[in-house]
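Residue numbers (the numbering used here): 352 to 860.
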Ligand SMILES: [Zn+2]
């Protein structure tokens, strides 16, 4: 069996999904889970683009062991310096540099002649090789490049020291047969290709990301770039869980292996969805709520008699057999921490205590605490420590014949602000009271609420998108009381705005 290297770009390309941005601590948590999942490489970010990107890469390089840690850089000096510095502490650092190679990009975006592009690419690869052992090179928009030029560019960057050549289908335009043949032509057209590993990076604009990736490995590619839940620019990237399970299920015609522990797939998927607040569609392959649910009577009957009748893989294969273990107040700290561990949520000891206290609070309000509740507790309390403002008290008065009125007390360090306001409903009243207490004016663009688990006493999770000073911030909060969840989510968005303001003051290290 030929080994396929799994390059995960959830934290770089995935994080570029609109609304999927993560704090430095959240990225670190996800990176730890990716290491448990067994990916070969983690692309941690694009360090030159912001201090937060730089700090995320740096923290992951310092603390995550196992996978190769990769940082992205355009083929320009300042990007490369920042990327090299950010991943210097990694056990195995890799620089991933790129430049566009299609006529349309070279002419309109870069305003460079093809020869200049080759020169810039080679200079960047040589520079990066002086500082790290492994350099990956991507010709951006490769699928729309002229083949002869592309082959010459690849030959020269391999000569300059690149050891991984990544062929991205940047705009998600390729179809499988064509893309497979394209990889085959590169394998045949570049004389020194045996000195490098060929990689592919497929976008999912036409829903063909995984299919294109499979076509590529059948034609010689040995690294595939993927994201958990398929998040990424626009319609996203090829989904890691789908690609890996396709290889596992169809070993008969796809004789390839990976280093992925498939039993970590479900936890990885859920953890990411909870952190970024993107729900997983119910019918999403492998990780969706319905992926293993059999509805039709004939199917149910078949599965009960023999699972393989309608199941090509089992829930156990992807770590979904943990089932719905329900905790309650009497589960105790030991039971709670054991469940955290089973869910792949490894926390520092001081955070364990905070999470446990929140669990007890929740267990008081609702008898049964589900895994999804636990994910929310962990994310809410530990995901990001940016609580500039916290709410110590709120009260509201509402009814169909009353003017909704809310009072809040907001704490910030040793200061405390109390204000009351009216609104069109209790949520509006609470938001207005918070605005007054903090002295802020915001515009609410989006408000959604959903129940995390079944039952009337379920945790409600509220997500808000707020515009503050022309910038958008997403906030999330959960509680069994939706007014409280709304207030938490609103404060979370405001705290993110404050954290971003602090961040941008520093400049890129
Ligand atoms: Zn991409």
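Where is the CB? At the ideal position from N, CA and C, for every residue including glycine. Because the structure is a prediction, the values reported are computed rather than measured.
Heavy atom of ligand 1 within 8 Å of residue i beta-carbon
| i | result |
| --- | --- |
| residue 521 | yes |
| residue 448 | no |
| residue 380 | no |
| residue 554 | yes |
| residue 583 | yes |
| residue 773 | no |
| residue 364 | yes |
| residue 494 | no |
| residue 741 | no |
| residue 361 | no |
| residue 588 | yes |
Terminal residues of the beta strand (DSSP E) in which residue i lies
| i | result |
| --- | --- |
| residue 576 | 574 to 577 |
| residue 818 | 811 to 819 |
| residue 457 | Segment: none, residue 457 is in no beta strand (DSSP E) and carries neither H nor E. |
| residue 519 | 515 to 520 |
| residue 824 | 822 to 830 |
| residue 371 | Element bounds for residue 371: n/a, residue is neither H nor E. |
| residue 485 | 485 to 491 |
| residue 438 | Run containing residue 438: none in the beta strand (DSSP E); it sits in the alpha helix (DSSP H), 428 to 438. |
| residue 480 | Looking at the DSSP string, residue 480 is not in any beta strand (DSSP E); the run it does join, the alpha helix (DSSP H), is 465 to 482. |
| residue 444 | 444 to 451 |
Nearest candidate by alpha-carbon position, reference residue i, set the options
| i | options | result |
| --- | --- | --- |
| residue 407 | 387, 433 and 427 | 433 |
| residue 549 | 754, 493 and 672 | 493 |
| residue 568 | 559, 535, 592 and 539 | 535 |
| residue 551 | 565, 757, 626 and 544 | 565 |
| residue 661 | 669, 652 and 667 | 652 |
| residue 799 | 819, 788, 778 and 791 | 778 |
| residue 448 | 756, 489, 485 and 807 | 489 |
| residue 585 | 524, 842 and 607 | 524 |
| residue 712 | 700, 725 and 701 | 725 |
| residue 693 | 460, 626, 699 and 722 | 722 |
| residue 623 | 530, 594 and 729 | 729 |
| residue 773 | 765, 767 and 783 | 783 |
| residue 787 | 809, 842, 807 and 836 | 842 |
| residue 579 | 445, 429, 638 and 819 | 638 |
| residue 511 | 482, 526, 486 and 473 | 473 |
| residue 478 | 631, 508 and 765 | 508 |
| residue 626 | 352, 405, 814 and 398 | 814 |
| residue 715 | 595, 681, 755 and 699 | 681 |
| residue 487 | 435, 617, 499 and 498 | 435 |
| residue 846 | 801, 810 and 793 | 793 |
Per DSSP, cross-strand counterpart(s) of residue i
| i | result |
| --- | --- |
| residue 419 | 392 |
| residue 772 | 757 |
| residue 590 | 578 |
| residue 746 | 758 |
| residue 794 | 818 |
| residue 766 | 763 |
| residue 553 | 520 |
| residue 720 | 678 |
| residue 714 | Looking at the DSSP assignment, residue 714 forms no beta bridge with any residue, so it has no partner. |
| residue 425 | 449 |
| residue 802 | 811 |
| residue 548 | 515 |
| residue 741 | 762 |
Extent of the continuous alpha helix (DSSP H) to which residue i belongs
| i | result |
| --- | --- |
| residue 538 | 527 to 540 |
| residue 779 | 777 to 789 |
| residue 684 | 683 to 693 |
| residue 355 | Neither: residue 355 is in no alpha helix (DSSP H) and is coded neither H nor E. |
| residue 503 | 498 to 511 |
| residue 398 | That residue, residue 398, is in no alpha helix (DSSP H); it is neither H nor E in DSSP. |
| residue 568 | 560 to 568 |
| residue 411 | 402 to 414 |
task: Return the chain-ordered ranges of every alpha helix (DSSP H) run that is complete within the segment 606 to 647 and spans a minimum of 4 residues.
output: Fully enclosed alpha helix (DSSP H) runs of 4 or longer: 616 to 627.
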